[in-house]
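Reviewing the structure listed below.
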């Protein structure tokens with residue numbers, strides 16, 4: 029795909045999704061680097077404001093794992109891996125399943141009770157279900173703790189998903205919360221009052237292990253230290269040359 033086509037698509041996507049959620053695009057800027065001409069890389073960012081005392085995450089063992097927002101489907105599986113590959117005129121057909129089907133209306137409905145729950149102190153940590161879905165959200169939040177998840181409790185768009193697909197499907201309209209047990213009922217009631225699904229799918233533990241269960245079977249049991257730090261690092265030889273910038277005339 030030509031960089032101009034990608035650029036137009038990115039700008040159109042920001043405009044369309046933001047408008048549907050009621051988020052104004054007050055300003056923007058584009059910067060191009062010719063080194064990415066062969067394999068385009070798109071970085072997008074935005075700025076927001078939040079209360080200073082709500083900036084830190086404090087998940088603890090015993091806190092419930094709650095998923096809120098949209099349901100899980102097959103769309104969005106391998107979204108991060110596909111986006112790192114070469115994009116051609118056949119990419120849309122071959123990897124259509126890797127791009128999640130966005131639903132800004134669902135996300136807007138989810139955001140409103142999230143802000144109310146934040147102000148009431150109903151959750152201690154929050155992470156999105158972006159690349160790798162629940163696996164990255166729960167894995168990151170429980171990295172220093174442990175977690176046990178019942179994948180058959182995750183709300184689905186349709187039947188037929190395997191537990192692996194449930195675990196790795198990404199979607200921007202879902203968030204994962206760490207909730208103190210005594211606050212769980214109030215949080216679930218708040219989301220129900222706004223017609224937004226919220227489901228307890230497990231809890232954080234102090235075992236240091238990630239355990240996944242599906243229909244009564246233990247389908248995963250991993251040491252979280254290994255999961256985060258167990259991959260051997262590459263050792264490469266390199267030479268560094270200081271940049272040469274000619275003096276302006």
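Residue numbers (the working numbering): 29 to 277. Note that CB positions come from ideal geometry on N, CA and C, so glycine has one too.
Alpha carbon of residue i to alpha carbon of residue j, nearest angstrom
{"i": "residue 273", "j": "residue 75", "result": "33 Å"}
{"i": "residue 62", "j": "residue 275", "result": "23 Å"}
{"i": "residue 133", "j": "residue 42", "result": "14 Å"}
{"i": "residue 226", "j": "residue 267", "result": "52 Å"}
{"i": "residue 197", "j": "residue 277", "result": "55 Å"}
{"i": "residue 97", "j": "residue 131", "result": "10 Å"}
{"i": "residue 165", "j": "residue 195", "result": "10 Å"}
{"i": "residue 31", "j": "residue 45", "result": "21 Å"}
{"i": "residue 221", "j": "residue 211", "result": "16 Å"}
{"i": "residue 223", "j": "residue 136", "result": "12 Å"}
{"i": "residue 64", "j": "residue 163", "result": "30 Å"}
{"i": "residue 190", "j": "residue 269", "result": "50 Å"}
{"i": "residue 205", "j": "residue 56", "result": "31 Å"}
{"i": "residue 247", "j": "residue 186", "result": "21 Å"}
{"i": "residue 232", "j": "residue 79", "result": "26 Å"}
{"i": "residue 36", "j": "residue 234", "result": "48 Å"}
{"i": "residue 34", "j": "residue 67", "result": "11 Å"}
{"i": "residue 159", "j": "residue 99", "result": "16 Å"}
{"i": "residue 257", "j": "residue 83", "result": "26 Å"}
{"i": "residue 245", "j": "residue 47", "result": "44 Å"}
{"i": "residue 254", "j": "residue 161", "result": "19 Å"}
{"i": "residue 213", "j": "residue 81", "result": "23 Å"}
Whole-Å CB distance - residue i paired with residue j, under 8 Å assumed
{"i": "residue 151", "j": "residue 215", "result": "7 Å"}
{"i": "residue 170", "j": "residue 58", "result": "So it is not a contact: roughly 38 Å between Cβ atoms."}
{"i": "residue 240", "j": "residue 139", "result": "Going by Cβ atoms, the distance from residue 240 to residue 139 rounds to 28 Å, so no, they are not a contact pair."}
{"i": "residue 207", "j": "residue 91", "result": "6 Å"}
{"i": "residue 230", "j": "residue 145", "result": "Not confirmed; about 19 Å, so no contact."}
{"i": "residue 180", "j": "residue 243", "result": "5 Å"}
{"i": "residue 271", "j": "residue 219", "result": "Wrong, their Cβ atoms sit about 53 Å apart, outside the cutoff."}
{"i": "residue 193", "j": "residue 105", "result": "6 Å"}
Buried versus exposed call for residue i [16 or more other C-beta atoms within 10 Å across all chains shown]
{"i": "residue 53", "result": "exposed"}
{"i": "residue 73", "result": "exposed"}
{"i": "residue 86", "result": "exposed"}
{"i": "residue 70", "result": "exposed"}
{"i": "residue 209", "result": "exposed"}
{"i": "residue 60", "result": "exposed"}
{"i": "residue 201", "result": "buried"}
{"i": "residue 278", "result": "Since the displayed the chain opens at 29 and closes at 277, residue 278 lies outside it and no answer follows."}
{"i": "residue 217", "result": "exposed"}
{"i": "residue 203", "result": "buried"}
Contact under 7 Å by Cβ, residue i with residue j
{"i": "residue 40", "j": "residue 173", "result": "no"}
{"i": "residue 250", "j": "residue 236", "result": "no"}
{"i": "residue 94", "j": "residue 228", "result": "yes"}
{"i": "residue 156", "j": "residue 129", "result": "no"}
CB contact below 7 Å: residue i versus chain C
{"i": "residue 203", "result": "Chain labels in this structure do not include chain C; a single protein chain is all it has."}
Please give the ranges of any beta strand (DSSP E) in the region 192 to 271, keeping only runs that are unbroken, at least 3 residues long and fully inside the region. 199 to 207, 226 to 232, 237 to 242 and 245 to 251
Which runs of the beta strand (DSSP E) spanning at least 3 residues fall entirely within the region 125 to 158, listed in chain order? 153 to 157
Please give me, in chain order, every unbroken run of the beta strand (DSSP E) with length at least 3 that falls completely inside the region 34 to 92. none
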